[in-house]
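To keep things clear, I will list the structure first and then write my remarks on it.
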Amino acid sequence: MSVADLLHREHGFGRELANETATNYLAAFRRCPDNPDMALVQWRSQLWYDVLPATHQHLATELYGRWLEWRYRYLALPDEVHTMLQTLRLQYLLGIITNGPTAAQWEKIDRLALNKYFDCILVSSDLPWAKPDRNIFYAACHYLGVPPGQCVMIGDKLETDIQPFAGNGNDCSSTFSRGRWDTALQPDNVRHLLNPS
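Letter by letter, the sequence shown follows residues 13 to 209 of the working numbering.
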């Protein structure tokens, strides 16, 4: 079930209004997933409040709770990813570099229980740099105590994850991507780790 379905089935919204409300929430959330002046629950409930018709604004907190539950059910890592991370962790130091607002990114890391797999977790909003600035990659290498030339970068966006090292023989990069990329920007090596099709 989706939030739009919930609005339609349980709260009497017409299908079009339910879809529009859910779409408007997602647009507002993507524009600003986090407000550093408010707790995440308060901010995201406020986003729901703002997109709901006045007659239904009392549903904001409930909708946020349901949306959050479904969001993390959708984002949950498949068993094969857990197995892969456990296997990699036996032989390698692992790190995460993620762009985004601090509270929102740490919420994801915590709710998905990723801490146990990684030796280094860097969130761009906690630092003076964000991807694709090379300094955030070098900070991860320094934290892990590994020279950049001995690191492999695995990412899903060439523009932010791989471009900083394109054509630089000292840095090793690899990517997992299910999509297509700009032909002007090509990774040195492509490995489809989870979905070979």
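We treat Cβ as the ideally placed atom computed from N, Cα and C, and that holds for glycine.
For clarity, every value in this text was computed on a predicted model and none was experimentally measured.
Taking C-alpha positions only, Ala152 is separated from Gln58 by approximately 35 Å.
Here Ala39 is exposed: its Cβ has fewer than 16 other Cβ atoms, across all protein chains shown, within 10 Å.
Residues of the same chain with a CB within less than 7 Å of the CB of Leu100, apart from the 5 flanking positions on each side, are Leu106 in chain order. Membership of Ile166 in any beta strand (DSSP E) is not indicated, and neither H nor E is assigned to it by DSSP. Below 8 Å, enough C-beta pairs join the segment 31-50 and the segment 106-121 to call them touching: three or more. Look at Leu89 here: in three-state DSSP terms it is coil, with no helix or strand label. Secondary structure at Cys132: strand, using DSSP grouped into helix, strand and coil.
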